[in-house]
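Novice:
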Amino acid sequence: MLAKKIQAILTFLFALLLFGFLYWHYHPPLKLKKDIVMKVTFLPKKITTEEALNLKITLNHFDGQPINNARVKLEATMNHAGMIPLLTDATKTKENTYEATINLTMKGGWIVFINIKLDDHQEIKKSVHFTTE
Ligand SMILES: [Cu+2]
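Numbering (our numbering), first residue to last: 1 to 133.
#1: Can you give me the start and stop residues for the beta strand (DSSP E) that I124 sits inside?
#2: Per DSSP, what kind of secondary structure is T159 in: helix, strand or coil?
#3: Rounded to the nearest angstrom, what separates Y98 and D35 at their Cα positions?
#4: Figure out for me which residue from M38, K73, Q7, N54 has the closest Cα to the Cα of N103.
#5: Using 8 Å for Cβ pairs, my map puts V72 next to I111. What's the rounded Cβ distance?
#6: Buried or exposed: which applies to P29, given that a residue is buried once 16 or more other Cβ atoms fall within 10 Å of its Cβ?
#7: On the criterion of 16 or more Cβ atoms from any shown chain inside 10 Å, does T11 qualify as buried, or is it exposed?
Written out as structure tokens, the structure reads:
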């Protein structure tokens, strides 16, 4: 009886592992355009509906040269239907750095899409997931 239970648990864990593996392969980390390095950091570390989320995006070329005239737009949407997405533009705050503040007003899973347009018309898109408490 116990052996059967253990077998069931092991089968479940194996299925979970397999699913995780497939998920990873179908959603590989987004490859950015050649020569561009994007870093996304955010505050606060614990995201709640009471405190605004501050996102900081830095853009550089691979050789370290800053990218200073990008246009950075953010779209925050929840992982369920029926919500109006929140749109905002990030402001350039210093060399290579773009910042935006978003109020994630509902508890649950959020996806923030970061859309970047470079002055050579290249576009970069990346999404970041957050969970508000
Ligand atoms: Cu919602």
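Cβ atoms here follow ideal geometry from the backbone N, Cα and C, with glycine treated the same way.
Specialist: Reading it off the structure:
#1: Walking along the sequence shown from the start, residue 124 turns up at place 124. Run containing I124: 123-132, per the beta strand (DSSP E) assignment.
#2: Lying outside 1 to 133, the shown extent of the chain, residue 159 is not represented and no answer is given.
#3: Locating residue 98 in the sequence shown gives position 98, counting from the first residue. Locating residue 35 in the sequence shown gives position 35, counting from the first residue. Taking the straight line joining both Cα atoms gives about 18 Å.
#4: For the purposes of this step, residue 103 is identified with residue 103 of the sequence shown, where counting begins at 1. Among M38, K73, Q7, N54, the Cα nearest to that of N103 is on N54.
#5: What you label residue 72 is simply residue 72 of the sequence shown in a count that begins at 1. What you label residue 111 is simply residue 111 of the sequence shown in a count that begins at 1. Contact flag wrong, Cβ pair sits at about 16 Å.
#6: In the sequence shown, the residue the question calls residue 29 occupies position 29. Note that P29 scores a pLDDT of 45, beneath 50, so its modelled location is shaky and nothing firm can be said.
#7: For the purposes of this step, residue 11 is identified with residue 11 of the sequence shown, where counting begins at 1. With fewer than 16 Cβ atoms within 10 Å of its Cβ, T11 is classed as exposed.
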